[in-house]
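J.: Chains as they are written, first to last, in this note's numbering: chain Z, 1426 to 2414; chain S, 35 to 208. Each residue gets a CB set at the ideal place from its N, CA and C atoms; glycine is no exception. One structure coming up, written as structure tokens, with questions to follow.
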């Protein structure tokens, strides 16, 4: 042995390939194949962390994902990842690891002073101290408490690595590659079914490397290697190591994380660090194995105390020796096997303590070990590392101890039996059932297409586990309609004895201030459970929440069974009577980056761009998101403010001509013999008699009578309309129409299709709009008779077809020009060129808003889902001669109440801008709110639209518009909402 | 890298949606079969490709055709009166990519939760789904060979997603 490294030992490490790494800035060396935990152990460093609440020194406790103590942060800056379990961190050259929750250092942690206050910081401390009248005190203390408690800290820097996602499919997913999982895979593979074998470890094989039995004449580890080689050569088998299934969701969907490059300092180019997998499985075989159970005694969290099987794994797989003078404390036969295997590997196991009085003395076969039966370890002593243990005779009947002896050891290995890893099974909602023999819960009858096999079912002996796997494979194949495997039962010789634990709940202690931890990660002790019980939190659900037991990042993998046993004993009932809680996903923590995948940065969300997008960008447009569309807000010229720009743009439209991109408007093709009848039913105003070549403005209501959307519909032929909707409601309107046609009026021969992306749209507005278009659009008569207001016609610009509709949102003479999308930019450019003589001005949504507010036209802020047609001055448009969607309920009392808020215009008396959302006050009474605001170049005033109580009665009054968040208050004059050209004469200029 | 993953932007001159009424479904089928020169239309979820025309059956009575024949839409429109079927020109409404190579399934399965293996989705299948919250229609021509169309306004985002997703494998733009 060299230091704590067993020479020429370690199945997984290559002692010819040393690696350097740092922990808390100190350099260490390890070997390729090591984990961080094994390398630290090999370097003689047992203490790796401080506990969550009391800041007690903690060491590595396990060799797998169940690790409750050794949580570390890896890497730094953007790549920093907190709360990693050291036993699952694969070592690489240059690994930079840090301890957590300790200041200024792991060795000297100021907050360890919490241990002095531990009698106060018990279960329910927060509820008792800060709830009710303690709220103010909490606000004072919260900052300090949050700094003092907790796990690792996340980085504030962006993570530079990639995280990917994938959907994968399999006929049979096998979770776990121990004896049951491998046997299942081997049995199912020849069937041709698509098999996916996943294991969270870097290596397949589960517990087989520590198994002493022979399988079909092979050493267990050799059998595993041979089986893996066979499986790797079969096309329909996919094997994924470093892949943790963390959640079992509906429809046999599994959530998993593949650690693609976590074992590297930096991933290769474009290689993801981790990949989130959504696995769609026809059948699932859960062979997740079991976890060794701790024993509960005073000081059981002292660095140097760890699970026996973990110590064996460190020695066998990594050649890492957990101590120079090792004791092992057991309540089952498996502890003896472990001790003897450790001895064989060169670990100096000197003492075995067995709580059982009577054992098979054939187990005590190593004369160099001092076997002490009928005794328990009553305490583990030492601060930052174990120095000694106290051992005392144990009377199982009275659960009392006799005189204690001290034994000097530097490592104490404990085994309290094994707890099946039922987390995924539990997530499916299947109630767990209690197995008396193993003193633990196992999965109940599956409620979905899954089976559990192997140790998870309590099949701790190798032969049973292998047979379980084969059986599960055959049952799965049968369910898939495939013939069963011809694989026969495997011959097993010399297997490890089965761990049947002797019930040992809490080990008594003579120390009145004993700290016997049940949940290491959340610092929950036996004392906390006693308090919960005393205070009436006796249900397992209450116990869990009151003490937070099992609610840490490890989900209580090592603590739950002991806690249930303790609570059952306190209540004087059996463990199954006490019951268990349901596990929830994730089985292991999942990094937020993994869940986000590539939906970050530019890929955060899909966006929609109009065909003229690049032109806008090239011409200084400042873009704004309208839903997921990108639209020009303003085209700023040098030194212009946003306000300067939109005033200039709106003025240009009023004085000459402007052009705005309206591609984002929803566009729906409506076809069929009943198209007009259909529109007549969904619009509140009449549509039956709209002539071909004419458009009509229409308002749609919801069934409840409120306004839903507005827009124009153009009659292209007797049986075809082109409907436009607001940008925001394009999809909801189409959806509503499809629903009505499918469910309400299936007799109507109407088809609706989205053509929003088929057409690029631009509105050309202003007194020179006709002159501009007349220069380039052929086949269109732009005279008043040829193309009257609300007229629609087809034309062309060169070879490019256009539809021209004489519509106006601005109040000026205006035309909407639609052209097939791919011609959009070319047509836009042609119009810009034609308008040069009139100084044509492109304008954005700000000027668009200004122009429509001046005209009192409604838009999204007024169509807020709470307004009726009458509220916004459109009441007279609604037909009283027909039935349409919403026609009945728009007449209900609530919608015709004279005290309702109605739309008015506001003019700022103070010549100050008004803010949308401002409250409108009449004296001190809040009578409504401002919906849309702008500076009006036409009026040279700040104006707004508002919805106020009985608005029509307030015309001419002076009210206040207040915006408390900015402490603003403006005096406003209430006017009609039509600020500009109420008679509509500008449409014909 | 092209055998691994090849990406190409594709644009067809004409794309058309055809929808029949329930009482005119048979007549519509017959007209389309005659136009295509086939005895019977493919089943729902399948498509055929012949004479520079792709013809897909999206759902019962709902068809999609595309071609490099820019007159396709007008030719189809002439086949149907309004009481038989509706014809919608979507030639400018969709933009597409051709995606092929060994990693095409892997790339697509980053975004699509559909089993793309040949057993579950044989060649000449068509399906609608979404990638990165973008609605798509996908034509599987053969093993590892796809045509995928998104709405035009989403295409920049869709293409950016495809390229970003392809970085992991390496790709060729063709």
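1. Nearest chain Z C-beta to residue 188 (chain S) closer than 8 Å, yes or no?
2. Is the beta carbon of residue 2236 (chain Z) closer than 8 Å to that of residue 2279 (chain Z)?
3. Taking all protein chains shown into account, decide if residue 1635 (chain Z) is buried (16 or more other Cβ within 10 angstroms of its Cβ) or exposed.
4. In the region 1991-2020 of chain Z, which residue ranges form an unbroken alpha helix (DSSP H) of at least 4 residues, counting only runs that do not cross its ends?
5. Along chain S, which residues have their Cβ under 8 Å away from the Cβ of residue 2031 (chain Z)?
6. State the Cα-Cα distance for the pair residue 2367 (chain Z) and residue 2334 (chain Z), rounded to the nearest angstrom.
7. Say whether chain S places a C-beta atom closer than 8 Å to the C-beta of residue 2146 (chain Z).
8. Could you check if residue 2253 (chain Z) is buried or exposed, using at least 16 other CB atoms within 10 Å of its CB as the buried criterion?
9. Enumerate, from N- to C-terminal direction, the unbroken alpha helix (DSSP H) stretches of 4 or more residues contained entirely within the region 1726-1758 of chain Z.
10. For the alpha helix (DSSP H) containing residue 1655 (chain Z), name the first residue and the last one.
11. Using 8 Å for Cβ pairs, my map puts residue 2179 (chain Z) next to residue 2239 (chain Z). What's the rounded Cβ distance?
12. Answer yes or no: do residue 1985 (chain Z) and residue 1975 (chain Z) have a C-beta to C-beta separation smaller than 8 Å?
13. Got a sec: is the Cβ-Cβ distance from residue 2140 (chain Z) to anything in chain S below 8 Å?
14. How big is the Cα-Cα spacing for residue 1426 (chain Z) and residue 1753 (chain Z)?
15. Would the beta-carbon of residue 2141 (chain Z) fall within 8 Å of that of residue 2132 (chain Z)?
16. Enumerate in chain order the residues of its own chain whose CB-to-CB distance from residue 1385 (chain Z) is below 6 Å, with the five nearest sequence positions on each side excluded.
17. I want to see whether chain S comes within less than 8 Å of residue 1591 (chain Z), judged by CB atoms only; does it?
18. Take every Cβ of the region 37-48 of chain S, pair it with every Cβ of the region 193-208 of chain S, and state whether three or more of those distances are shorter than 8 Å.
19. Looking at the structure shown, is residue 1426 (chain Z) part of a helix, part of a strand, or coil, going by DSSP?
20. Which residues, taken in chain order from the region 2032-2044 of chain Z, show a beta carbon closer than 9 Å to some beta carbon of chain S?
21. Taking residue 2378 (chain Z) as the reference, give the member of Z:1672, Z:1706, Z:2323 with the closest Cα.
22. Just to confirm, are residue 2129 (chain Z) and residue 2288 (chain Z) a CB contact at a threshold of 8 Å?
23. Give the interface partners of residue 1696 (chain Z) over in chain S, defined as CB-CB distance under 8 Å, in chain order.
24. Of all the CB atoms in chain S, is at least one closer than 8 Å to the CB of residue 1676 (chain Z)?
25. Closest to residue 2353 (chain Z) by CA distance: which of Z:2336, Z:2359, Z:2372 is it?
26. Does any CB atom of chain S fall closer than 8 Å to the CB of residue 2398 (chain Z)?
27. Tell me where the alpha helix (DSSP H) around residue 2200 (chain Z) begins and ends.
28. Could you check the C-alpha separation between residue 2321 (chain Z) and residue 2282 (chain Z) for me, to the nearest Å?
29. In the DSSP assignment, the alpha helix (DSSP H) including residue 1573 (chain Z) goes from what residue to what residue?
30. Smallest Cα separation from residue 1782 (chain Z): which of Z:1449, Z:1947, Z:1757?
31. Distance, Cα to Cα, residue 1533 (chain Z) vs residue 1842 (chain Z)?
32. Using a Cβ-Cβ cut-off of 8 Å, state whether residue 102 (chain S) counts as contacting chain Z.
33. Once the 5 residues before and after residue 1778 (chain Z) are set aside, which same chain residues still bring their CB inside 6 Å of it?
34. Determine the direct distance from the alpha carbon of residue 2388 (chain Z) to that of residue 2394 (chain Z), and round the result to whole angstroms.
35. Restricting to Cα atoms, I'd like to know which of S:207, S:158, S:189, S:198 is closest to residue 2032 (chain Z).
36. Confirm, please, whether the CB-CB distance from residue 1881 (chain Z) to residue 1855 (chain Z) is below 8 Å.
T.: In short, the structure shows the following:
1. Position 154 of the second chain holds residue 188 (chain S). For residue 188 (chain S), the answer is yes, since a Cβ of chain Z falls inside 8 Å of its Cβ.
2. Taking the first residue of the first chain as 1, we reach residue 2279 (chain Z) at position 854. Taking the first residue of the first chain as 1, we reach residue 2236 (chain Z) at position 811. Going by C-beta atoms, residue 2279 (chain Z) is nearer than 8 Å to residue 2236 (chain Z).
3. The residue you call residue 1635 (chain Z) lines up with position 210 of the first chain. Under this definition residue 1635 (chain Z) is a buried residue.
4. 2000-2003
5. As a position in the first chain, residue 2031 (chain Z) is number 606, starting the count at 1. Those within 8 Å of residue 2031 (chain Z) in chain S are 166, 167, 168, 188, 191, 192, 195.
6. Within the first chain, numbered from 1, the residue matching residue 2367 (chain Z) stands at position 942. Within the first chain, numbered from 1, the residue matching residue 2334 (chain Z) stands at position 909. Distance between the alpha carbons of residue 2367 (chain Z) and residue 2334 (chain Z): 9 Å.
7. As a working mapping, residue 2146 (chain Z) is identified with position 721 in the first chain. No, residue 2146 (chain Z) does not count as interfacial toward chain S.
8. If you number the first chain from 1, residue 2253 (chain Z) lands on position 828. Buried, because 16 or more other Cβ atoms sit within 10 Å of the Cβ of residue 2253 (chain Z).
9. 1733-1743
10. Indexing the first chain from 1 puts residue 1655 (chain Z) at position 230. Element bounds for residue 1655 (chain Z): 1645-1657.
11. Taking the first residue of the first chain as position 1, residue 2179 (chain Z) is located at position 754. Taking the first residue of the first chain as position 1, residue 2239 (chain Z) is located at position 814. Contact doesn't hold; Cβ gap of about 25 Å is too wide.
12. Translated into positions along the first chain, residue 1985 (chain Z) becomes position 560. Translated into positions along the first chain, residue 1975 (chain Z) becomes position 550. Yes. Within cutoff.
13. To locate residue 2140 (chain Z), count along the first chain from 1; it is residue 715. Judged by the 8 Å Cβ criterion, residue 2140 (chain Z) is not in contact with chain S.
14. Translated into positions along the first chain, residue 1426 (chain Z) becomes position 1. Translated into positions along the first chain, residue 1753 (chain Z) becomes position 328. Summary for residue 1426 (chain Z): the model assigns pLDDT 47, below 50, so the residue's position carries little reliability; its value from the coordinates is reported in the next sentence. The straight-line gap from Cα to Cα measures roughly 20 Å.
15. As a first step, residue 2141 (chain Z) must be located in the first chain, where it is residue number 716. As a first step, residue 2132 (chain Z) must be located in the first chain, where it is residue number 707. No; because the gap between Cβ atoms is not below 8 Å, this pair is not in contact.
16. Only positions 1426 to 2414 of chain Z appear in the structure, and residue 1385 (chain Z) is not among them; the question remains open.
17. As a working mapping, residue 1591 (chain Z) is identified with position 166 in the first chain. Chain S contact via Cβ: present.
18. Yes: at least three Cβ pairs fall under 8 Å.
19. Here the question's residue 1426 (chain Z) lines up with position 1 in the first chain. Model confidence at residue 1426 (chain Z) stands at a pLDDT of 47, short of 50, so the residue's coordinates are unreliable; what they give is reported in the following sentence. Three-state DSSP puts residue 1426 (chain Z) in coil, outside helix and strand.
20. 2032, 2033, 2034, 2035, 2036, 2038
21. Within the first chain, residue 2378 (chain Z) is the residue found at index 953, counting from 1. Among Z:1672, Z:1706, Z:2323, the Cα nearest to that of residue 2378 (chain Z) is on Z:2323.
22. For the purposes of this step, residue 2129 (chain Z) is taken as residue 704 along the first chain, with counting starting at 1. For the purposes of this step, residue 2288 (chain Z) is taken as residue 863 along the first chain, with counting starting at 1. With respect to the 8 Å criterion, residue 2129 (chain Z) and residue 2288 (chain Z) are not classified as neighbours on the basis of their beta carbons.
23. Looking up residue 1696 (chain Z) in the first chain gives position 271. Result: 202.
24. What you label residue 1676 (chain Z) is simply residue 251 of the first chain in a count that begins at 1. Output row for residue 1676 (chain Z): interface = no.
25. As a working mapping, residue 2353 (chain Z) is identified with position 928 in the first chain. Ranking the options by Cα distance to residue 2353 (chain Z), first place goes to Z:2372.
26. Start at 1 with the first residue of the first chain, and residue 2398 (chain Z) comes out as number 973. With 8 Å as the cut-off, residue 2398 (chain Z) does not count as an interface residue toward chain S.
27. Along the first chain, read from residue 1 onward, the residue named residue 2200 (chain Z) stands at position 775. Where residue 2200 (chain Z) is concerned, the enclosing alpha helix (DSSP H) stretches over 2194-2201.
28. The residue labelled residue 2321 (chain Z) in the question sits at position 896 within the first chain. The residue labelled residue 2282 (chain Z) in the question sits at position 857 within the first chain. The straight-line gap from Cα to Cα measures roughly 21 Å.
29. Here residue 1573 (chain Z) refers to the residue found at position 148 when the first chain is read from its first residue. In this chain, the alpha helix (DSSP H) harbouring residue 1573 (chain Z) covers 1560-1573.
30. Counted from its first residue, the first chain places residue 1782 (chain Z) at position 357. Nearest C-alpha to residue 1782 (chain Z): Z:1757.
31. The residue labelled residue 1533 (chain Z) in the question sits at position 108 within the first chain. The residue labelled residue 1842 (chain Z) in the question sits at position 417 within the first chain. Answer to the nearest angstrom: the Cα atoms are 35 Å apart.
32. Locating residue 102 (chain S) in the second chain gives position 68, counting from the first residue. Taking Cβ atoms only, chain Z never reaches closer than 8 Å to residue 102 (chain S), which makes this a no.
33. Position 353 of the first chain, counted from the start, is the residue given in the question as residue 1778 (chain Z). Hits under 6 Å: 1754, 1797, 1800, 1802, 1816.
34. On the first chain, residue 2394 (chain Z) is found 969 positions in, with the first residue counted as 1. On the first chain, residue 2388 (chain Z) is found 963 positions in, with the first residue counted as 1. Each residue's Cα considered, the two are about 6 Å apart.
35. One-based indexing of the first chain puts residue 2032 (chain Z) at position 607. The option with the nearest alpha carbon to residue 2032 (chain Z) is S:189.
36. As a working mapping, residue 1855 (chain Z) is identified with position 430 in the first chain. As a working mapping, residue 1881 (chain Z) is identified with position 456 in the first chain. Taking a C-beta distance under 8 Å as the contact criterion, residue 1855 (chain Z) and residue 1881 (chain Z) do not qualify as a contact pair.
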